[in-house]
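> Each residue of the sequence shown is one higher than the one before, counting from 12 in the working numbering.
Ideal placement from N, C-alpha and C gives every residue a C-beta, glycine not left out.
Note that the structure is predicted; figures quoted are calculated from it, not measured.
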Amino acid sequence: MDEYKLDKITKLGEIFKVTDDGYLNYQEGKTNDDLPNPFQQLGKSRLSVTNLLTKTWCELREYYDIYSNMPKFITKNIRLGKKGHSALESSAHKVFPELADVISEVQVPASKKSEIAKLVDDVDQFYNFASSWCTNIVRIVDLFKNGEAREILVHSYVDCKSSEFIKELPLHKNTVDGSQKEILISGIIDHLKLEGTLPLIGQFTKTLDTFIDMGIPKLLDKKQERLNDYKISVSDIKTRSRLSIPYQKNVINSSKLQVMYYRYFLENLSLNPEHTYYKLLLNAQKRNYDVDKPLHAVQIRHLLTYYGDFFYLDFLSLKRGEKIGFVPLDEFGGDYDGGKNIFINDYDFISPNLKQIYPLLFEGTWYKLPTLRYLAARMAQLYQVFQPNRLENKLRIEYYMGKYRFAEKLFEYDFGELNRHLHDSMGFWMGKRQVSPVKSTLKTFSIYCNGCDYSKVCLYKNKNVDGFKQLGNSLKKIYSDS
Ligand code: SF4
Numbered sequence: 012m013d014e015y016k017l018d019k020i021t022k023l024g025e026i027f028k029v030t031d032d033g034y035l036n037y038q039e040g041k042t043n044d045d046l047p048n049p050f051q052q053l054g055k056s057r058l059s060v061t062n063l064l065t066k067t068w069c070e071l072r073e074y075y076d077i078y079s080n081m082p083k084f085i086t087k088n089i090r091l092g093k094k095g096h097s098a099l100e101s102s103a104h105k106v107f108p109e110l111a112d113v114i115s116e117v118q119v120p121a122s123k124k125s126e127i128a129k130l131v132d133d134v135d136q137f138y139n140f141a142s143s144w145c146t147n148i149v150r151i152v153d154l155f156k157n158g159e160a161r162e163i164l165v166h167s168y169v170d171c172k173s174s175e176f177i178k179e180l181p182l183h184k185n186t187v188d189g190s191q192k193e194i195l196i197s198g199i200i201d202h203l204k205l206e207g208t209l210p211l212i213g214q215f216t217k218t219l220d221t222f223i224d225m226g227i228p229k230l231l232d233k234k235q236e237r238l239n240d241y242k243i244s245v246s247d248i249k250t251r252s253r254l255s256i257p258y259q260k261n262v263i264n265s266s267k268l269q270v271m272y273y274r275y276f277l278e279n280l281s282l283n284p285e286h287t288y289y290k291l292l293l294n295a296q297k298r299n300y301d302v303d304k305p306l307h308a309v310q311i312r313h314l315l316t317y318y319g320d321f322f323y324l325d326f327l328s329l330k331r332g333e334k335i336g337f338v339p340l341d342e343f344g345g346d347y348d349g350g351k352n353i354f355i356n357d358y359d360f361i362s363p364n365l366k367q368i369y370p371l372l373f374e375g376t377w378y379k380l381p382t383l384r385y386l387a388a389r390m391a392q393l394y395q396v397f398q399p400n401r402l403e404n405k406l407r408i409e410y411y412m413g414k415y416r417f418a419e420k421l422f423e424y425d426f427g428e429l430n431r432h433l434h435d436s437m438g439f440w441m442g443k444r445q446v447s448p449v450k451s452t453l454k455t456f457s458i459y460c461n462g463c464d465y466s467k468v469c470l471y472k473n474k475n476v477d478g479f480k481q482l483g484n485s486l487k488k489i490y491s492d493s
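#1: What are the partner residues of R416, as DSSP defines its beta bridges?
#2: What distance in whole Å lies between the Cβ atoms of T67 and V270, which are believed to be in contact at a cut-off of 8 Å?
#3: Under the criterion of a Cβ to heavy atom distance below 8 Å, does L421 qualify as lining the ligand SF4?
#4: Would you say the beta carbon of Y465 is closer than 8 Å to some non-hydrogen atom of the ligand SF4?
#5: Measure the alpha-carbon distance for M81 versus G375 and round it to whole angstroms.
#6: Let me know if K472 comes out buried or exposed under the rule of 16 or more other beta-carbons within 10 Å of its beta-carbon.
#7: If you follow the beta strand (DSSP E) that H166 is in, where does it begin and where does it stop?
#8: Rounded to a whole number of angstroms, what is the C-alpha to C-alpha distance between F456 and S246?
#9: Reducing DSSP to helix, strand and coil, say where E14 ends up.
#10: I'd like to confirm the pairing. Which residues does DSSP put opposite R57 in its beta bridges?
#11: So, with DSSP's three-state summary, where would you put S255?
#12: E175 and N283 look like a contact to me (Cβ under 8 Å); what is the Cβ gap, rounded to whole Å?
#13: The beta strand (DSSP E) spanning S281 covers which residue range?
#14: With DSSP collapsed to three states, give me the class of F439.
#15: CB of Y75 to nearest heavy atom of the ligand SF4: below 8 Å?
#16: On a CA-only basis, which of Y273, K297 and R312 is nearest F397? Give me that one, please.
#17: Where does the unbroken alpha helix (DSSP H) through T316 begin, and where does it stop?
#18: To the nearest angstrom, how far is it from the Cα of L470 to the Cα of V29?
#19: Could you check how far apart the C-beta atoms of P305 and T250 are, in whole angstroms? I think they sit under 8 Å.
#20: Can you tell me the Cα-Cα spacing of L205 and Q51, whole angstroms?
#21: I need the DSSP call for H104, collapsed to helix, strand or coil.
#22: Do Y424 and N404 have their CB atoms nearer than 9 Å?
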């Protein structure tokens, strides 16, 4: 850790001037116009919701972290947090296996072994991304089958000039008119839960088709239940190493804003499936994925093995070149030539058992193939279930130690507050405003600076603390308490 800290500080010393006393020369109220803004410095075409929360601890610390260009140090607490999240995730859903694990189960002739080894190297990122979309589809349906869902993907776009949410991206000739001015903001919702006395759908519907075509209200109606008798609650999970919740104001505020972003994203994605479809395509394209690249045969194998009831009819429609019931996809005239695809037709990857269960899928060639475009279509249809009137306005933060949920905080969704925060945060990322470190009081310095990697070299903190030392006792007390 010390070496890591030293590396960061050395790199920052090369970027920011260092004072004679050895402090990094960040000065309140001044900007360095020669520097790229934080977003350019990050070097990505997107941000995450957590990126937007620049004041979770201290924005100056965040700023230094960005310019140091070093990966975050994985602390014991971060590791524990990840483990806790994974445990909760796998208790609610079947977790999509890693490509290497799936491949190790595939029985293929020796002549194919080198091809497989290459796959692990080549396909990994695309595979993981496509898997996360497959999983997302299944999880949204799980919400209505089991009453809860974990780790749900959401995203939105922000105009980097106006710092406003972009409600609808302009469509042009059936494709989204993507430009550099919109920034993708992505997030993962830890926990969605159905509230109310609703019947769970259970095994009522077995295919995506019936689920989507009938719509949730109709499904409930069919079960003779009142419509809209349920609400969906949105919450974020914080894992703790002790049975205590954070006391730092900045941390609590950020956690609340985080869930507000998630709620807004869900609502926005629910409004218009066609627009959501194009937003999803742009999302994948901004990450440099080819939306028309077919899913790999091992992925098809996995989807059919675990969710065959669900995806089978869709896959059969694609194979036969039939419509799936979503106009933008059905009318898409792109390159869907199954004959060109080396993977899906390479039935060696498909187990004999699956070939027996789904013989129609594995004879002859596929006219159309399952791709990210197909997944985007189904996902866009599914997001409609999160219409604004179904989303709880009371949002939630849940605190866990291991698998034990020991506390929760409820608070109201406030779109005005969220909007103000977005403007403020984008001001930071676009370099339109000054960096805003923690408030200058002895109390805040003792809360936030002690564990900070830059504590010894931070000019802002040390200059102010030195200033306090010069004050008389009564003034010092005022600055300690405020
Ligand atoms: S030392 Fe304090 S003020 Fe300076 S970056 Fe760290 S937390 Fe912020």
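According to the data block:
#1: Within the sequence shown, numbered from 1, the residue matching residue 416 stands at position 405. R416 pairs with Y411.
#2: On the sequence shown, residue 270 is found 259 positions in, with the first residue counted as 1. On the sequence shown, residue 67 is found 56 positions in, with the first residue counted as 1. That pair is no contact at about 13 Å.
#3: The residue labelled residue 421 in the question sits at position 410 within the sequence shown. Incorrect: L421 has no Cβ contact closer than 8 Å to the ligand SF4.
#4: Here residue 465 refers to the residue found at position 454 when the sequence shown is read from its first residue. Distances from the CB of Y465 to the heavy atoms of the ligand SF4 include at least one below 8 Å.
#5: The residue labelled residue 81 in the question sits at position 70 within the sequence shown. The residue labelled residue 375 in the question sits at position 364 within the sequence shown. The alpha-carbon atoms of M81 and G375 are separated by roughly 50 Å.
#6: Taking the first residue of the sequence shown as 1, we reach residue 472 at position 461. Counting the other CB atoms within 10 Å of its CB gives K472 a total of 16 or more, which places it among the buried residues.
#7: Within the sequence shown, residue 166 is the residue found at index 155, counting from 1. Counting along the chain, the beta strand (DSSP E) containing H166 begins and ends at E159 to D170.
#8: As a position in the sequence shown, residue 456 is number 445, starting the count at 1. As a position in the sequence shown, residue 246 is number 235, starting the count at 1. Approximately 30 Å, taken between the alpha carbons.
#9: As a working note, residue 14 is residue 3 in the sequence shown. Note: E14 maps to helix in three-state DSSP.
#10: The residue you call residue 57 lines up with position 46 of the sequence shown. DSSP output for R57 lists L195 as bridge partner(s).
#11: For the purposes of this step, residue 255 is identified with residue 244 of the sequence shown, where counting begins at 1. Coil.
#12: Along the sequence shown, one-based indexing puts residue 175 at 164. Along the sequence shown, one-based indexing puts residue 283 at 272. Not really, about 18 Å apart at Cβ, beyond 8 Å.
#13: Against the sequence shown, residue 281 aligns to sequence position 270. Taken as a continuous stretch (DSSP letters only), S281 belongs to no beta strand (DSSP E), being part of the alpha helix (DSSP H) at K260 to S281.
#14: Looking up residue 439 in the sequence shown gives position 428. Looking at F439 - three-state DSSP - the assignment turns out to be helix.
#15: Within the sequence shown, numbered from 1, the residue matching residue 75 stands at position 64. At a cut-off of 8 Å, the beta-carbon of Y75 counts as near the ligand SF4: some heavy atom of the ligand is closer than that.
#16: Taking the sequence shown and counting its residues from 1, one reaches residue 397 at position 386. Closest option to F397, judged by alpha-carbon separation, among Y273, K297 and R312: Y273.
#17: As a position in the sequence shown, residue 316 is number 305, starting the count at 1. It spans A308 to R331 - the alpha helix (DSSP H) in which T316 sits, taken as one unbroken run.
#18: Taking the first residue of the sequence shown as 1, we reach residue 470 at position 459. Taking the first residue of the sequence shown as 1, we reach residue 29 at position 18. C-alpha separation (whole angstroms): 9 Å.
#19: By 1-based counting over the sequence shown, the position of residue 305 is 294. By 1-based counting over the sequence shown, the position of residue 250 is 239. That belief does not hold up - the Cβ atoms of P305 and T250 are roughly 37 Å apart, past 8 Å.
#20: As a first step, residue 205 is located in the sequence shown; it is residue number 194 there, counting from the start. As a first step, residue 51 is located in the sequence shown; it is residue number 40 there, counting from the start. In this structure, the CA atom of L205 is about 40 Å from the CA atom of Q51.
#21: The count along the sequence shown starts at 1 and reaches residue 104 at position 93. Three-state result, H104: coil.
#22: In the sequence shown, the residue the question calls residue 424 occupies position 413. In the sequence shown, the residue the question calls residue 404 occupies position 393. Yes, the Cβ-Cβ distance between Y424 and N404 is below 9 Å.
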